[in-house]
Every structure is written in C-alpha cells, then in structure tokens.
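**Q** Using full-length UniProt numbering, the first residue of the sequence shown is number 1, and each one after it goes up by one.
Quick reminder that beta carbons are idealized off the backbone N, C-alpha and C, glycines included.
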Amino acid sequence: MRIAIVAQSYHPVIGGVAEHVHGLAIALLARGHDVTVITGRSRQSETPEERTLRRSGGAVVRVGRSYRVRCNGATVTVVGEPGLASGLRKLPRHAFDLVHVHSPLEPLLPIAASRWFRAPVVATFHSAGRSNRAYRWFRPVLQDVLERVRVRTAVSASAAAFVSGIFPGTYYWTPNGVDTARFRPRDGRWPSPDSDLPRSASLLVVGRLDPRKGHDILFDALARLEHRRGVDLPELRLEVVGDGPCRRRLERRAHGLPVRFH
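(1) Measuring CA to CA, which of S103, A18, S86 is closest to F162?
(2) By Cβ distance below 8 Å, which residues in the same chain neighbour P175 in space, the five residues on each side in sequence not counted?
(3) Within 10 angstroms of the Cβ of R51, are there 16 or more other Cβ atoms? Answer buried if so, exposed if not.
(4) For S45, which option in V61, G32, H33 has the closest C-alpha, if you only look at C-alpha atoms?
(5) Is there contact here, the region 142–151 with the region 113–131, by at least three beta-carbon pairs under 8 Å?
(6) Please list the terminal residues of the continuous alpha helix (DSSP H) segment that includes T52.
(7) Measuring straight from C-alpha to C-alpha, what distance separates V69 and V37?
(8) Around the C-beta of Y67, are 16 or more other C-beta atoms found within 10 angstroms, so that it is buried, or is it exposed?
(9) With distance defined between alpha-carbon atoms, name the residue in A254, R224, V78, I26 nearest to A59.
(10) For L88, name the three-state secondary structure that DSSP assigns.
(11) Is the Cβ-Cβ distance between H100 and V241 less than 8 Å?
(12) What residue from G64, L98, G87 has the CA that sits closest to R2's CA?
(13) Check whether the region 134–147 and the region 76–91 are in contact - that is, three or more C-beta pairs closer than 8 Å.
(14) Count the other CB atoms, across all protein chains shown, that sit within 10 Å of the CB of Y172; report buried if there are 16 or more and exposed otherwise.
(15) Unbroken alpha helix (DSSP H) runs of length 4 or more, entirely within the region 95–148: which are they?
(16) For F183 and H22, what's the separation of their Cα atoms in angstroms?
(17) Under DSSP, the beta strand (DSSP E) around A201 begins and ends at which residues?
(18) Closest to V79 by C-alpha separation, out of E106, L53, V145, would be which residue?
(19) Have a look at G64, E251, G15 and flag the residue whose alpha-carbon is nearest the alpha-carbon of R212.
(20) For L250 versus L204, is the C-beta spacing smaller than 8 Å?
(21) Distance check for T153 and A123, CA to CA, integer angstroms please.
(22) Please state the DSSP three-state secondary structure of F261.
Rendered as structure tokens:
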C-alpha cells in the first residue's frame, strides 16, 4: 500500500513520537509498503534517520514551518504557516491508500492533512494529562476531524482514557514498539527476576529530558539512596539516555552523584 505517516514531531526533533514514527516507517518499508513521512521543515539539511529512511525506499516530505511551544509540561512541535497549505496542495489528494495521522487533534498539520487527503485515516493518540480543556473548548471542530478517522489507536491506556472522555468510541491499544534486534543483552541472556541484587547495579532511564518526565524525582531518590549505600543497599549507578531542554540543568544537578549521561 501507499502509506502516508503524518507527524509534527520527526527527526531532528527529539522525542518519543519522532522515534515511534521512524520505527514504524522502517517496519512498514520492510514489509513491502510504499511509505512517505509528512512532517515540518527543518533547518538541518538531512538527518541520519532521514537518510536511513530514504535508503530503505521511503520518502520524507517537509511542509510548513515548525514551532517549538511549551505545553503540558513539555516542549512540543507545531507545524503551521507559512508553507503548510501550499505544501499539502502539492501532494495529490488521492496520492495514498492510507493516511496514518499522529496526534490528530493537535493544530495544525494533523488536522490539515486529515482534511486534505481522500484516503482512509488511521489516528494514533500519544498524549495524556490532567486537563483536556482544549478538547472541550474546540469539541465541535475536532469532532468534525474525527469523523474522517476510520480507526483510532492509542499508545497507552492513559492516552486512550484522556481522549475518550471527550470523544467516546473504540480505541485500540497499540503500545510503542521496541527494536529487539537493536536493544538486547549482548550475551543473549536476560536477567532472572528471582536473582539476588548484585553489590553494584545500574539503572537505565530513557526519555526526553523534559520537566514532565520526572528526572528530578529520580535524582532526589538517588541522592537519598547514596546515604544508605554500603549499609543495606548496593552501589547504584544511573545511566541517562536522552536529550532535551533540561539537559544542562540536570547535568549540573547530577554533580557528585553516580550519574552518567549518554
């Protein structure tokens, strides 16, 4: 099939949605589909992920202008004008057999793409939070967008609950995937859940370095555990994988703690 994946967050944007979209595109290409990622323009000429996608037979189409805004305790990407409408109009309305829109109720690219293309739409919801007032305020407009959606999916139960409270319906839970060919123990063995805790242990945390990810809470806990080290707890090292707007502050805060950033 000719599949379009529409997402405001794609590389070089750092985050879970960007990784989700890239991994999904590569997997669909491996299954023989024709895949095009539609996202916002970037100042970077071509990212490594984009090169990988192209070499695998896929395509990346960039439209509009990308803006970084604060929302729900994180920094998110919004793709808007100039160049959004004109960029979409360059793509034939019947160019795809299926359009997969991520975060379909976010302005502006997801909504515009859902309305422009004439193929069936699959929508994936990624967000969860304490307040969904925006959904309530713009419900009439957003309901019209959802009328175009054939299948609704969510990456977690909380994401499904967050949107279904305002827009009831059937939401299929499709968790974020993990590339097991890349992320696996080097010796091929998984640790036993019943094994004794070693005298030294490593804790791995992977995620964008944004306030809502909770790294500060983790650092507080690690500082407390340091006072008990050698008494009734093993030596613990924290391995932090990720990047984001809080990286420099977290690196300063980690001074004196057994923390390593990657």
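**A** According to the structure data:
(1) It is S103.
(2) Cβ contact annotation for P175 (same chain, cutoff 8 Å, sequence separation greater than five): V155, S156, in chain order.
(3) exposed
(4) Of the residues V61, G32, H33, the one whose Cα lies closest to the Cα of S45 is V61.
(5) yes
(6) 48–55
(7) Rounded to the nearest angstrom, the gap between the Cα atoms of V69 and V37 is 22 Å.
(8) exposed
(9) The candidate whose alpha carbon is nearest that of A59 is I26.
(10) helix
(11) no
(12) L98
(13) no
(14) Per the 10 Å Cβ criterion, exposed.
(15) 109–116, 133–137, 139–146
(16) 16 Å
(17) 200–206
(18) Selected option, being the one with the closest Cα: E106.
(19) G15
(20) no
(21) 6 Å
(22) strand
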